[in-house]
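Numbering (this note's numbering), first residue to last: 30 to 222. For each residue, glycine too, the CB sits at the ideal point set by N, CA and C. The structure displayed is predicted, hence computed values, not measured ones.
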Amino acid sequence: MVMDLHAGAIQGFFRIPVDHLAAAPMLARHIRRKPADRLVVVSPDEGGVKHARRFAELLNAPLAVVYAASTRQSDKPREVAGDVRDAVPVIVEDLVATGASVLRACDALMARGSRPEIIVVATHGLFVNDGWSRIAAREEIRRVIVTDTVPQVQQGNSDKLEVCSVAGVLAEAIRRAHMHRSISTLFDPGEVF
């Protein structure tokens with residue numbers, strides 16, 4: 030069993046059956062526990078649109094996309110497709126490593142009039158090469174929500190960091206696989222772990 034592969038095609042390279050679990054339902058439920066007014070789900074780049082669209086559906090929120098203004102993405106200004114003015118952005122990533130794409134998205138969102146109450150959501154919080162300290166230093170980022178697929182020990186006690194446990198859903202998926210029951214129903218709206 031795997032959770033939120035960086036590229037779905039990876040599942041096809043295993044020589045054994047692989048169940049690909051999604052953290053989005055649990056992360057969306059976690060966000061709804063502290064409701065915010067006028068959420069907009071944001072993909073920080075074109076490659077994350079499918080993942081962000083699923084998240085937007087779960088939160089019943091509109092979708093926006095941050096994209097490069099030209100083909101050389103690393104140093105060019107970012108544009109935003111979608112209405113983010115006076116909204117609380119929820120930047121959705123499958124993983125955050127250095128945080129560079131999140132920070133570029135924050136800059137673009139703030140330039141377009143977003144509220145300085147940005148929520149960053151990722152299944153896997155790797156936070157390498159000072160990624161966490163760079164994200165934590167940004168005042169416009171209010172919440173960073175990750176799962177416990179990667180231990181979050183180096184971040185210490187931060188009011189911004191929220192860890193959403195996926196242990197319950199992994200345990201139930203293993204139990205259902207062992208009992209030859211459906212795993213896909215784990216992600217039905219009524220399921221809670």
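Along the alpha helix (DSSP H) that carries residue i, what are the first and last residues, could you check?
i: Gly197; result: Ala196 to His207
i: Val78; result: Val78 to Leu88
i: Pro118; result: From DSSP, Pro118 is part of no alpha helix (DSSP H) but of the beta strand (DSSP E) over Val117 to Val125.
i: Leu34; result: Element bounds for Leu34: n/a, residue is neither H nor E.
i: Arg107; result: Not the alpha helix (DSSP H): Arg107 falls in the beta strand (DSSP E), residues Arg107 to Ala110.
i: Ile164; result: Gly160 to Ala165
i: Asp48; result: That residue, Asp48, is in no alpha helix (DSSP H); it is neither H nor E in DSSP.
i: Asp74; result: Here Asp74 belongs to no alpha helix (DSSP H), and DSSP marks it neither H nor E.
Confirm, please, whether the CB-CB distance from residue j to residue i is below 8 Å.
i: Ile60; j: Ile174; result: yes
i: Ala137; j: Val109; result: yes
i: Thr152; j: Ala52; result: yes
i: Ala134; j: Val95; result: yes
i: Leu9; j: Val179; result: Residue 9 cannot be examined here, being either before or after the span of the chain that is shown, 30 to 222.
i: Ile170; j: Val149; result: yes
i: Leu87; j: Pro54; result: yes
i: Gly77; j: Glu122; result: yes
i: Val113; j: Ala90; result: no
i: Gly160; j: Val125; result: yes
i: Lys189; j: Arg163; result: no
When we look at the beta-carbon of residue i and count the other beta-carbons within 10 Å, is it buried (16 or more) or exposed?
i: Pro73; result: buried
i: Ile120; result: buried
i: Phe43; result: exposed
i: Asp33; result: buried
i: Gly154; result: buried
i: Ser143; result: buried
i: Ala85; result: buried
i: Ala140; result: exposed
i: Arg62; result: exposed
From residue i to residue j, what distance separates their C-alpha atoms?
i: Val131; j: Ala166; result: 13 Å
i: Leu56; j: Arg67; result: 18 Å
i: Pro46; j: Pro145; result: 44 Å
i: Val8; j: Ala202; result: Nothing in the structure corresponds to residue 8, since the chain is present only between 30 and 222.
i: Phe222; j: Gln181; result: At Phe222 the pLDDT is 49, less than 50, meaning the model places this residue with poor confidence and gives no usable figure here.
i: His209; j: Asp48; result: 13 Å
i: Arg204; j: Lys79; result: 29 Å
i: Thr176; j: Ala98; result: 32 Å
i: Asp115; j: Ala93; result: 13 Å
i: Glu168; j: Ala200; result: 36 Å
i: Arg58; j: Arg83; result: 13 Å
i: Arg107; j: Leu215; result: 37 Å
At which residues does the beta strand (DSSP E) containing residue i begin and terminate?
i: Gly154; result: Ile147 to Gly154
i: Ser211; result: Here Ser211 belongs to no beta strand (DSSP E), and DSSP marks it neither H nor E.
i: Ile174; result: Ile170 to Thr176
i: Ala65; result: Unbroken run through Ala65: none, as it is neither H nor E.
i: Ala98; result: Here Ala98 belongs to no beta strand (DSSP E), and DSSP marks it neither H nor E.
i: Val192; result: Leu190 to Cys193
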